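Taking it in order: structure first as structure tokens, then the write-up.
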Amino acid sequence: MFKISHKIYSAFLLPLILLAFESGAFAAVDVKDLKMSADKVDFDYETNMSNFSGNVFIQKNDFTLKADEASISAADKQGKASGNVMVLNGSKVFFCDKIEYDFENKKGTLLDGSTMQNIWIIKGDRVFQEEGEIIRVMNAQIFTCSSLNPHYVMTSKEIVINKNKNKISAKNMVLWIGHVPIFYFPYFSRTLDDSSVFSMEIKQDEIIGLEILTKYKFYSSNHVKARAHLDWYESKGVAVGVDQKALWDTGKEKAFLYYIQDNEFQPIRSEEEAGTLSRYRLTMDHYNKFDSTWNSQLNLNLYSDLDFYDDFFPSEFDEDIQVDNRYKLSKVTEDYAAGAMMRVKLNDFENVLERIPQVYYDVYEFAVGDSDFYFSSFNNAVFLNQNFTGDQTEHSALRFFTGNELSYPAKYFGWLNINPKIMLNGMWYSKSREEEILADASTLEEEGNAIFRAASEFSTSFSTNLYKVFESESRLWGYDRFRHILTPDITYSYRPDPTKDDEEFLQFDEIDALGDESSSLSFGIISRWQAKTNQKLDTILNTRYSILYDLKAEEDPWSSFNIDSQVRIVKNLKVDFNLNYDIKEGEVGSFRTDASWIIEEMIGLSCGYWYRMNDDALISPEISINMGNNIFLRTYGFYNEGTGVFERMEYALVKSMHCMDFALKYSSREFRDEQTIFFTISPKGYTTQGLLIGNDMMSGNY
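What follows is the structure, given as structure tokens:
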């Protein structure tokens, strides 16, 4: 046996590489761009074995190996390394005590190893590198920070990392916080780009009692994300659920299933009896685009009772909630839209106007031949069915409707826009409405024979644009110039009596009620302020004023006065408001304003004010403060100006850490005389900063 031992220095690096290549030790490796160093190298020509020891360093393009010892056999094209082994292969980093690598098949096994994926630390007894960018980690542990003292750990007998799909998957995974197992995943799958895996809320509610609400993302890919819900309510029992969000090239979907056997149901709005009750929700919103013109939409909303959302999902609760269950298939082009829609009643406690089905064909406005006339048409056929609860009278009928409009827009004198229109509508019902006067002078509503109504309307509008430009030498608000645009308009409308009165129809929806003969003048003006700097043009103030004058009214011809405005003068400040003043009543009919302002990305302020005649005004203040050190404070509420009481109030204190978010919240709802305190923990899938490899690994940032 012939054997050479030599301590390698930089002066001998190149001859050593050539010698190793000629001996066959690197028969499976292209020596171009190869760098290598070690304290000592042994060449065994009889076995074609090369042995390296002491600060072994081997680098080839984006592949780097560091170890205390290494050996390469040219005969079977196998390589081994041991002692503080680190392998850097592209963006993948592996750490282990020992590694065995097959150069021919490009497969490797790591013993007592660990790896990092998108700032995750994954450790295991053995790590296998397979073809197709597949990595298998045995007896694995996942950390998002130092493995000596992690905030949380996930463990599994085997974890599979698919780099081609940027995906990680495992079976029988357990989530640990400290030494406490929190949740068991029969199957776990997610992309390496996700940030949130698990969240927990601990709530104390005055009515329901203690609540522990958990969400676990058990499946995640580039197109589908799914979470499991496992919740415990002190007074109600255990609830389970699953929600899913999907997004693909031609559509999207969102679904949620939730179920609980409520041990202590207390009705508030529901007519169900108190006691034990099976309660649930099944919701789905699905949209798919088949091609450039065809698309479909499904809305499914099933829930067990009227109190369900208020009990379990108060953030989604609306006292006047009216969900929709419908399917719509439509074709939309530049010239027309056509389709079919079905709307049905699936919840017994709701009042629903069913459309089973409705088909429509709408023609968008187009020029008639070579003329300056424009025509549009809206047509539909529908079978309507009033499906109500209680003792309300229900009707059903078939209806055909067509609405057609002919206009002749033109500009005169270079500044005056005049647009006369004529509208002709036709409506046919398979049933009419009849009344029978009973002996006690009461009225009995009955269904009669088919009925047809024709109606027409004539209108002419006049408008123009006036504007003036103002230079800003002082660069007010940072702008160089301002432009004020005024667009006044006047519209005259006349509608003669239709051929049939409203009282002869069953009155299913807004199409059925037309009213008697009418004649009116509407006055409006749009005021826009635009500001320009360099090539950027912003609309900083946009306001429309409008008022209606009834020419047929014998008294009080002026109706409501309206103002709609949007203000965007100051950066990060948005103000929208709407005012309706009822001239006949001499008071404000409704008023709404919403304002929001972000100050130096540190403080967010917003406030809404809503008022409606004969109702109490509501004020909704909201404050968000970045307190520094990744701590955020948020307050939000609804204040009833009439009662002087906050109908709802919420405070939240959030602490964001590099691998976990914490939130402490308090909320109160006057509607249920209820106060709730809850704590939320949301571990992240990976840290929000670069991974610091230290302590049990090696120092450095990756």
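Be aware that the sequence shown starts at 430, since it is given in my numbering, and climbs by one per residue.
Think of the CB as a built atom: it goes at the ideal place given N, C-alpha and C, for glycine as much as any other residue.
In this text, all values refer to a predicted model and were calculated from it rather than measured experimentally.
For this session: Within the region 929-1006, note down every full beta strand (DSSP E) run reaching 3 residues or more, in order along the chain.
Result: 947-962, 965-979, 987-996
Exercise. Any idea if S800 is buried or exposed, counting beta-carbon neighbours within 10 angstroms, 16 or more meaning buried?
Worked result: exposed
Problem set entry | Selection from L970, P838, K1000, S901 that minimises the alpha carbon distance to E1029 | K1000
Exercise. Count the other CB atoms within 10 Å of the CB of M478; is the residue buried (16 or more) or exposed (fewer)?
Worked result: buried
Exercise. What are the residues that DSSP puts in a beta bridge with H658?
Worked result: K644, G670
Exercise. Near P927, what residues of its chain come up, given a Cβ to Cβ distance below 6 Å and the 5 sequence neighbours on each side ignored?
Worked result: R882, A884, L943
Problem set entry | Cut-off 6 Å between Cβ atoms - residues of its own chain near S664, not counting five sequence neighbours on either side | I637, G638, E693
Problem set entry | Inter-residue spacing [alpha-carbon to alpha-carbon] between N547 and A496 | Residue confidence for N547 is low, a pLDDT of 45 falling below 50, so the modelled location carries little weight; the figure read from the coordinates is stated next. Cα to Cα, N547 sits roughly 24 Å from A496.
For this session: Out of E1099, G512, Y1038, R862, point me to the one whose CA is closest to E1076's CA.
Result: E1099
Problem set entry | The alpha helix (DSSP H) enclosing F741, as first and last residue numbers | 737-741
For this session: Express the C-alpha separation of D791 and L827 in angstroms, rounding to a whole number.
Result: 19 Å
For this session: Provide the residue span of the beta strand (DSSP E) that contains G680, from first to last.
Result: 680-694
For this session: Just mark F1107 as buried or exposed, buried being the case when its beta carbon has 16 or more other beta carbons within 10 Å.
Result: buried
Problem set entry | Through-space distance from M602 to A503, alpha-carbon basis | 41 Å
Exercise. What are the partner residues of K600, as DSSP defines its beta bridges?
Worked result: Y616
Exercise. How would you label Y732, buried or exposed, when you count the other beta carbons within 10 angstroms and need 16 or more for buried?
Worked result: buried
Exercise. What did DSSP end up calling T1117 once you bin it into helix, strand or coil?
Worked result: At T1117 the pLDDT is 32, less than 50, meaning the model places this residue with poor confidence; the figure from the coordinates comes in the next sentence. Note: T1117 maps to coil in three-state DSSP.
For this session: Report yes or no: do three or more beta-carbon pairs, one from the region 812-824 and one from the region 835-854, lie closer than 8 Å?
Result: no
Exercise. Opposite H652 in the DSSP bridges: which residues?
Worked result: Beta-bridge pairing links H652 to no other residue.
Exercise. How do the region 989-1005 and the region 1014-1030 stand: do at least 3 beta-carbon pairs fall below 8 Å, yes or no?
Worked result: yes
Problem set entry | Beta bridge counterpart(s) of V403 as assigned by DSSP | Residue 403 is absent from the model: the chain starts at 430 and stops at 1131.
Problem set entry | Contact between the region 715-730 and the region 755-772 (3+ Cβ pairs under 8 Å) | yes
For this session: Along the beta strand (DSSP E) that carries T1022, what are the first and last residues, could you check?
Result: 1016-1028
Exercise. Using the beta-carbon count (16 or more within 10 Å), is F802 buried or exposed?
Worked result: exposed
Exercise. What are the start and end residues of the beta strand (DSSP E) that includes P917?
Worked result: 910-924
Exercise. With burial defined as no fewer than 16 other Cβ atoms inside 10 Å of the residue's Cβ, what is the status of T643: buried or exposed?
Worked result: buried
Exercise. Should M1031 be labelled buried (16 or more other beta-carbon atoms within 10 Å of its own) or exposed?
Worked result: exposed
Exercise. How should Y841 be labelled, buried or exposed, when 16 other C-beta atoms within 10 angstroms of its C-beta is the threshold for buried?
Worked result: exposed
Problem set entry | Separation of D736 from E635, as counted between CA atoms | 16 Å
For this session: Take K1013 and list the residues in its own chain whose beta-carbon comes closer than 6 Å to its own, dropping the five residues that flank it on each side.
Result: D985
Exercise. Any idea what DSSP makes of S744, helix, strand or coil?
Worked result: helix
Exercise. Using the rule of at least 16 other Cβ atoms within 10 Å of the residue's Cβ for burial, across every protein chain shown, is K897 buried or exposed?
Worked result: exposed
Exercise. If we ignore side chains and look at the alpha-carbon of each, how far apart do I998 and P1050 end up?
Worked result: 21 Å
Exercise. Which residues share a DSSP beta bridge with H608?
Worked result: None; H608 has no bridge partner.
Exercise. How is L827 classed by DSSP in three states: helix, strand or coil?
Worked result: strand
For this session: Determine the DSSP secondary structure at E1070, reduced to helix, strand or coil.
Result: coil
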